[in-house]
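Asker: What the sequence shown shows, in my numbering, is residues 631 to 1307, in sequence order.
One structure, pasted below without further comment.
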Amino acid sequence: MHGIPHHCILQIVLDTPLNAVFDYRWVCDAANEPRIGQLALVSFGRREVVGLIVGVAHSTEVPEGKLKDALSVREQLAPLSPQWLALAGFAADYYQRPLGEVALPGLPKNLRVLTTVALDRALKKLAKHDAVHDGTPLDMPQLNPAQQEAADAIGGAKGFKPTLLYGVTGSGKTEVYLQACAQVLAREPQGQILILVPEINLTPQLEGNIRARFPGVMLATLHSSLSEGERMLHWLAAHQGQARIVLGTRLAILASLPHLQMIVIDEEHDPSYKQQEGLRYSARDLAVWRAWQLGIPIVLGSATPSLESWHHAQTGRYRRLELRERAVKNAVLPQVKLLDMERDKPKDGLTAQLVAALRQRLERGEQSLLFLNRRGYSPVICCESCGWISECTRCTSFMVLHKPEHRLRCHHCSLEMRIPRHCPTCGNVDLQPLGRGTQRVEEGLQALFPEARILRIDADSTRKKGSAQEAFDSVHRGEVDILIGTQMVAKGHDFKKLTLVGIMNPDTALFSQDYRASERLFAQLMQVAGRAGRAAQTEGGSASEVLIQTRYTQHPLYGAVVNHDYDHFATALLEEREQADLPPYLFQALLRAEAAELATAIEFLSMARDCVEHPGITINDPIPMSMTRVHNVDRAQLLVESPSRPALQAFLKLWTETLRAMKSRVKWSLEVDPLDI
């Protein structure tokens, strides 16, 4: 009977806001029995779309006249595993989104197109690769005792073992990861390892290290700057088990890895692991759940761990391993000094002490880094006659001056315009820039040190594909004397000749309304400071220094940075959070609303606040977002809090169902565990 064609019902989820599973009819026999986890092409409304089969049944409640036939099943692609479907299901439930909105966007775009031409081509290409799984490492350097202990503890771990690898900058965390990977690859003949980094520009350096160490292993990379063809090829290599090491940014956490044996999260504290649009998931948190689901070890590494991870380590949920010394012999942590801008008044943004330190490095042939987390030439231009300021017409923000391009640009909605020749209000032709961005600092340094080789690395200077890597390569080759950069240069990069870091304008974060601002500033300062002095200090060479320009030299945060004292700083912050009832001692969700008028958004949130009973849940009053207007849309938010995560989740499930049933033209979104409030 199995060979006789018969009808079955495919239960399929689609990438749609509708929280539903759709039934389609399919004629099948033993030769083409559809399986859960396969992709299918179906008709939906007036479109043809690709969906994911999550169930196969023999009957349906859909009336015969309304039941559509599925158009095709992608049989050439192995089904997604039950474990992967469970991961997507958990993410959908936890972040309160339909399963289809999680599962389908988690797949490469070329898998979701109507034709299978690209898929067939990629499968044919991968079929030519021999299944080489030789995980023998080459050129394994000698580890110091602390590194060796950490590598053995991680690589030898069995079962679900979350480990926080807390190591100062330059302590050799990457080498610990690689040697732990070698142990796993040797023990598990088919085993796969997932390594996550927070930003795309950190992948090339680590990719090179992995390829050199494991030449007999296929490596796949997954990040958003790959072409769609490349991304599908690498995703398929992971899905078929050919790629034994997968390196990627946050989107790689949703990769299909049927033989996953270990997960590494580098720079685990980094906010870039949190997706800020669509499905607002935390790749770090999903990685921990995935490791628990599969019963495998996971290591979270950082010089400045997130307070959540530090708290887990303190309470025993995570095992803590420490690397207190730099890995390179005779390499020492840089000396951090505070430059008082009240006493040493800056000229063109630079104090006399910082200029002298830059000159000294130039004379010695050593490299310097100036860190300023503000791109553009200046944040705003103004008219000193009437007070006009270059405000964006579509956002509650200012138009930033980009002098080389002769443009004003809004960094929120991307509106651009030419620099006005005179004040639009009073006609004054003498318009002045206020404040400094990286372009203005670059211009000032070129005037100050005309003989120096100066390079700026920020989002504006690295727009072309490959330009960021070329810029970093030129620094590594020693072709740059002074590097100016934003947070792109702050972490992960190993600049051997860099002995001076100057930090400009960090004070604004001290007075932010965001309770996470001090944690982020401390991490940022420690990370960028860690770029200095990573090589061994030679006799006669200058000791590495970090000079922080500030008007608040007595602030305890700067004191902790000077002393490289994350432990006490984190402990003090956790005490403050506990007293103030803030995460990680409280769980939050944020409902955002967008409308043409702010009053409409506030009104919707007020209705949302009262539409469901909420014992044990605190719902705060709706307020405008700090950046209220973006691209001519007004935005407001409503913060929901609870000391119990299960209680909050139960409430959110009921709440989102009610909100979806409310008929409103207001666009709304819910974020669980928000980072920006």
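Yeah, the Cβ is synthetic: ideal placement off N, Cα and C, and Gly gets one too.
(1) Output yes or no for whether 7 Å exceeds the beta carbon distance between V847 and I893.
(2) Run through DSSP, which three-state label would Y654 get?
(3) If you compare alpha carbons, which of D970, K739, A722, G946 is closest to M1134?
(4) Taking DSSP's pairing of strands, which residues face G878 in a bridge?
(5) So, under 8 Å CB-CB, G1074 and D974 are touching, yes? Tell me the CB distance rounded to an integer number of Å.
(6) Smallest Cα separation from S1008: which of L953, T1230, E1072, C1056?
(7) Taking 6 Å as the limit between beta carbons, can you name the residues of its chain near E1271, skipping five residues before and five after?
(8) Which one of P1214, D1211, Q1179, A1153 has the shortest CA to CA distance from D1195?
(9) Using the three-state DSSP reduction, which class does R1086 fall into: helix, strand or coil?
(10) Please report the distance separating the alpha-carbon of Q1099 from that of D1124.
(11) When burial is assigned at 16 or more other CB atoms within 10 Å of the CB, is W940 buried or exposed?
(12) Run through DSSP, which three-state label would L1128 get?
(13) Can the beta-carbon of A885 be found closer than 7 Å to that of L852?
(14) Do P792 and I928 have their beta-carbon atoms positioned less than 7 Å apart in this structure?
(15) Against chain B, with Cβ distances strictly below 7 Å, would A1238 count as a contact?
(16) Quick one: any contact between the region 1153-1163 and the region 960-969, if contact means 3 or more CB pairs under 8 Å?
(17) Give the C-beta separation of D1088 and G1132 to the nearest angstrom, bearing in mind that I take them to be a contact with Cβ-Cβ under 8 Å.
(18) So if DSSP puts F1152 in a beta bridge, which residue, or which two residues, is it bridged to?
(19) When burial is assigned at 16 or more other CB atoms within 10 Å of the CB, is E1014 buried or exposed?
(20) Using C-beta distances below 6 Å, list every residue in its chain close to V703, excluding the 5 sequence neighbours before and after it, in chain order.
(21) Are R950 and L1203 closer than 7 Å when you measure CB to CB?
(22) Can you tell me where the alpha helix (DSSP H) with F1199 in it begins and where it stops?
(23) Please determine if the region 719-727 and the region 671-683 are in contact, where contact requires at least 3 C-beta pairs separated by less than 8 Å.
(24) Is DSSP giving M1047 helix, strand or coil here?
(25) Please list, in chain order, all residues of the same chain as K758 whose beta carbon is under 6 Å from its beta carbon, the five residues on each side excluded.
(26) So S1174 and A957 are in contact, right, with Cβ under 8 Å, and what is the actual spacing, rounded?
(27) Identify every run of the alpha helix (DSSP H) within the region 743-787, keeping only runs that are complete inside it and at least 4 residues long; order them along the chain.
(28) With contact counted as at least three CB pairs below 8 Å, one residue from each stretch, are the region 1019-1037 and the region 983-1002 in contact?
(29) Do three or more CB pairs link the region 1175-1182 to the region 683-691 at distances below 8 Å?
(30) Could you spell out the range, first to last residue, of the alpha helix (DSSP H) harbouring K803?
(31) Helix, strand or coil, according to DSSP, for V958 in the structure here?
(32) My understanding is that V1192 touches L968, with C-beta atoms under 8 Å, so please give their C-beta distance in whole angstroms.
(33) Does the beta-carbon distance from D1090 to R1005 come in below 7 Å?
(34) What residue range is occupied by the uninterrupted beta strand (DSSP E) comprising A1266?
(35) Provide the residue(s) that pair with C638 in DSSP beta bridges, ordered along the chain.
(36) If contacts are defined as beta-carbon pairs under 8 Å, then A1082 and D1103 qualify, I think. What distance do you get, rounded to the angstrom?
Answerer: Reading from the atomic positions:
(1) no
(2) strand
(3) D970
(4) L826, L852
(5) Wrong, their Cβ atoms sit about 16 Å apart, outside the cutoff.
(6) E1072
(7) L1216, Q1218, T1248
(8) A1153
(9) strand
(10) 13 Å
(11) buried
(12) strand
(13) yes
(14) yes
(15) You won't find chain B in this structure, because it holds only one protein chain.
(16) yes
(17) So it is not a contact: roughly 16 Å between Cβ atoms.
(18) In the DSSP output, where bridge partners are listed per residue, F1152 has none listed.
(19) exposed
(20) P664, Q668, A670
(21) no
(22) 1196-1210
(23) no
(24) strand
(25) none
(26) Rounded, the Cβ-Cβ distance is 15 Å, inconsistent with contact.
(27) 747-757, 775-785
(28) no
(29) no
(30) 803-817
(31) coil
(32) 7 Å
(33) yes
(34) 1263-1272
(35) W656
(36) No, A1082 and D1103 are not in contact; Cβ-Cβ is about 19 Å, not under 8 Å.
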